[in-house]
Each structure stands twice: as structure tokens, then as C-alpha cells.
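K.L.:
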Ligand SMILES: Nc1nc2c(ncn2[C@@H]2O[C@H](COP(=O)(O)OP(=O)(O)OP(=O)(O)O)[C@@H](O)[C@H]2O)c(=O)[nH]1
Ligand SMILES: [Mg+2]
């Protein structure tokens, strides 16, 4: 059930296939396998594909030709056909020859977890950059697997009975077309990036940014909507958000504070996608603060945090300042467990996006986090320095002012990178200046 562009058809009914094998990462115990299968079901639901039975085999080692033993595969195929499935979805990555072997054994369409994730990304991308980036990732994923899909394609095109040689030629042709398309999209991407770089430069040093990151469906977009009073798409679906969205968190501070909503993470994210998504996550790489949102009501929340840290370290930002927001506390009615979680995770908050007070407090904490990082300056600006007064008022956070017969005393808070170019250094009062004492004690 793949179309000519190798998209998975929504009309397909899918049967899920997996294994428990001590030597296979993420599938070494029954618990791991089941957790991952649950997630695969969610992924298929997100695609709108009906999912049927799941079939799991316990194995000492992986069969290199067909992952599970060929006898078991045939048995699964018979049952899958009986339940009306036309698609086998393997909850692991399959090579081209594995896809081909399993397809030849079963006569069913065969896709893997990576293909499903790519399909969702492909459907949910909104901006031009994300669309191009995902198409490149999808084509790069397809390229080495074309021969695996090909018998299927030939059948779809009414090509039953094509001779082996003809098939090989066709695959070569397909590969060339795909390679050319990858090149084409890469050039397009370069163009789009150039204009984004320009926008980035405009933004730089004009605002401080915090990026909401974390596992898919944790509630990142909901936090963004509540804190910034906007309406970004929030949905009970995996990967509802694919493009970074920037929204003003607080326009009244100097510089203004901006919150960024980003694409969610997931375990077993294929490498081709991580590379592709570095672009989408660049906003997180550039952000001054990472706010990790975690769904505390999910029994696998620890695993989700682990995956999040893993992806962050793959992006090279694991040492950036972090804050953890444990969300959906309304679905986790265990006060003792909540206390333990907060104590074991410093710099963390427990919230529900449905709770207004929680959102007010969280917003204040984020704003204070930035303000606390700013430098304090005590300035004395003579009345005649008209422009300096307007710079102080418009570019810094004024904490206190006192008028004097010769000028105005200002106690301000502002990041160094904003203060230095303002050329106000000459008005800074030395800490021992008696004027400070006079004003502060007033
Ligand atoms: N019960 C409960 N549900 C919540 C809470 N916060 C968010 N949700 C729900 O969780 C689902 C996912 O929320 P999103 O904000 O779309 O999650 P996300 O992290 O942006 O997800 P992706 O964009 O897919 O990565 C939605 O159905 C929200 O309504 C909460 O505090 N409590
Ligand atoms: Mg989202």
C-alpha cells in the first residue's frame, strides 16, 4: 500500500511486527518492546491508519534476512491477511533486502518505523524550509531501499512478469531520478536558508530566547499558548508541531523575551532525520535557555527525559542552561511521587497547562531567570545629556530613579551585550561613590 512516490496509503490496515531479543537495542526486554509498540500505534493513529493485531517473537538473535524467522513471518502474514491487513509495519529499521525478502515471503507491503515517522513529518511540515528538509530526508531514506520497494511498484504499474534485467534497469533509473531530486532540493534549501540567516541576524542581540524542547506530545505548544497568549496548534497527536514558532513572552523587559516552540523528540529517531532536523532545531541550538517539557503522567516519562537529553547532546547543546517543566500534573494524582520527582530534579517545575496559577508562576520564573542573569548598573546622567536619558529608559530595565539638582540617578538591570554598545559607560557610578549611598538610603 505505497503510492508511486512511496507514501503510505491511508486506506491501508496495518499489522504490527516486533521482537524481543537481548542483542537488539530498544527491544532487549519485553517491556522495551511493548513500550515501543504502543508508541508505534500512536504514530499510525497520527497518520490515520487503522492498526490491527501486533505480532512479537522472542529470539536469541536477529535473522539477518528477515529479522524474525521466515516460518514465523509466513504465519504472521496468513493471520494478517485473515484480519484484512495489507501492510506489515516493523517496529525497527529494515534494510532494502529485508524489505524485499519479507515482501516476497508474504505478498504484503512492508514498511518500518522510520518510514512511518518520515510520513508524519512529511504530512505535518508547514514552512517551506521544513517541507524541503523533510523531502530530502525522505528521499535519502528511500534511495538505498528502492530495490526493496521496486517489485511492489512494478506490480502497481501492471508490470507483473518483467524480466530481472528490466527490473534492474528500472531501479537504476529510479535511483538516478531520486538522486537528482535530492540535489535539486538541496539547492532550494540553500536559498531558503540564506534568507533565514538574514532574519536571524536581525534578531540577534535584540532579544533573549528560550526554546521549549522535549518528547512529542509533552505539551510544549500548550505551554507556549498559555504563556504567550497565542494559538499555536496543540493536538493529541505525535508530531503536531514541526516548525519552530517564535512568540513574544514579555515585551516589557529589555531586551524583549521570546519563546520558541520546536518539533518533538522520539526514541529511535532515525539518523537521517536527526541530521535533517538539526535545521528545525537550530532555534534550540541558538536559544539562551532550554525549557524541557516532560509529560509526568506518562509512565515512560523517565525514558522520555533520557531521549531528550540524548538528542540535546547530539545537537551539542547538553551544557546549555536548562529548566525542566513537568507537565500534566492533573493526570498524575500522587503528591508524594510529585515531591520526589521535584527533589531529584533541581531547577524543575510541576505544572498543568490547565492551571492558570501554574502558568502565571512559570512565566514569572522564566522572566526572573533572565533578569537574574543581567548586570546591575548605577548611573548618574546629567540633565543636559538628553539622548542618554532616552537610551536608559528605552533600552534598559530601570529598577529605581532619583532626581538630583544636576541630573537623574538610575539603578538599572540589563545584559552586558545590550549595555556596552549604548555608550553609557561614562555615566556609571563607582561603587564607593557617595551619591549611591545618598540615593539608596533616601
Ligand atoms: N491533561 C492535560 N493535558 C494536557 C496538558 N497540557 C497539554 N495537554 C494536552 O496534551 C496534548 C499535546 O499537547 P501539545 O501542546 O500539542 O504537545 P507538544 O509537546 O507540542 O506535541 P508535539 O508538537 O506533537 O511535539 C494536547 O491534547 C493537549 O491538550 C495538561 O497540563 N494536562
Ligand atoms: Mg507542538
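In my numbering, the protein residues as written are 4 to 445.
Using N, Cα and C, we set each Cβ at its ideal position, and we do this for glycine too.
The structure presented is a predicted model; accordingly, all values stated were derived computationally and were not measured.
Which word fits residue 176, buried or exposed, when buried means at least 16 other C-beta atoms lie within 10 angstroms of its C-beta?
P.N.:
Flag for residue 176 reads exposed.
K.L.:
What is the rounded straight-line gap between the Cα of residue 195 and the Cα of residue 132?
P.N.:
So the alpha carbons of these two residues sit roughly 6 Å apart.
K.L.:
Is the beta carbon of residue 267 closer than 8 Å to that of residue 217?
P.N.:
Their beta carbons are under 8 Å apart, which means residue 217 touches residue 267 by this criterion.
K.L.:
Check each candidate in 442, 44, 297, 32 and name the one with the smallest Cα separation from residue 62.
P.N.:
Checked all of 442, 44, 297, 32; the closest Cα to residue 62 is 32.
K.L.:
Report yes if the C-beta distance between residue 91 and residue 16 is below 8 Å; otherwise report no.
P.N.:
No, the Cβ-Cβ distance between residue 91 and residue 16 is not below 8 Å.
K.L.:
Could you round the C-beta distance between residue 104 and residue 80 to whole angstroms and report it? I think they count as a contact, below 8 Å.
P.N.:
Rounded, the Cβ-Cβ distance is 12 Å, inconsistent with contact.
K.L.:
Only counting the same chain, and skipping five residues up and downstream in sequence, which positions put a Cβ closer than 7 Å to that of residue 430?
P.N.:
Only 382, 383, 384, 391 meet the Cβ criterion.
K.L.:
If you pair each beta-carbon of the region 386 to 400 with each one of the region 360 to 369, do three or more pairs fall below 8 Å?
P.N.:
Flag = no, the region 386 to 400 and the region 360 to 369 do not touch.
K.L.:
So, using beta-carbon positions, are residue 432 and residue 439 closer together than 8 Å?
P.N.:
Yes, these two residues count as a Cβ contact at 8 Å.
K.L.:
Would you report the Cα separation of residue 18 and residue 39, rounded to the nearest angstrom?
P.N.:
Rounded to the nearest angstrom, the two C-alpha atoms are 15 Å apart.
K.L.:
Please work out which residues of its chain come closer than 7 Å, Cβ to Cβ, to residue 394, disregarding the five sequence neighbours upstream and downstream, and give them in chain order.
P.N.:
These residues qualify, in order along the chain: 425, 427.
K.L.:
Over the uninterrupted alpha helix (DSSP H) stretch that includes residue 372, give me the two end residues.
P.N.:
Unbroken alpha helix (DSSP H) run through residue 372: 359 to 376.
K.L.:
Report yes or no: do three or more beta-carbon pairs, one from the region 178 to 187 and one from the region 225 to 244, lie closer than 8 Å?
P.N.:
No, the region 178 to 187 is not in contact with the region 225 to 244.
K.L.:
By alpha-carbon positions, which one of 123, 101, 320, 135 ends up nearest to residue 150?
P.N.:
The residue with the shortest Cα to Cα distance from residue 150 is 101.
K.L.:
Per DSSP, what kind of secondary structure is residue 111 in: helix, strand or coil?
P.N.:
It is coil, neither helix nor strand.
K.L.:
Is residue 363 near ligand 1 - that is, is its Cβ less than 7 Å away from at least one heavy atom of it?
P.N.:
No, ligand 1 has no heavy atom inside 7 Å of this Cβ.
K.L.:
Measuring straight from C-alpha to C-alpha, what distance separates residue 285 and residue 292?
P.N.:
C-alpha separation (whole angstroms): 13 Å.
K.L.:
Since residue 22 and residue 122 are thought to touch, with beta carbons under 8 Å apart, how far apart are those beta carbons, to the nearest angstrom?
P.N.:
The Cβ separation is near 22 Å, so there is no contact.
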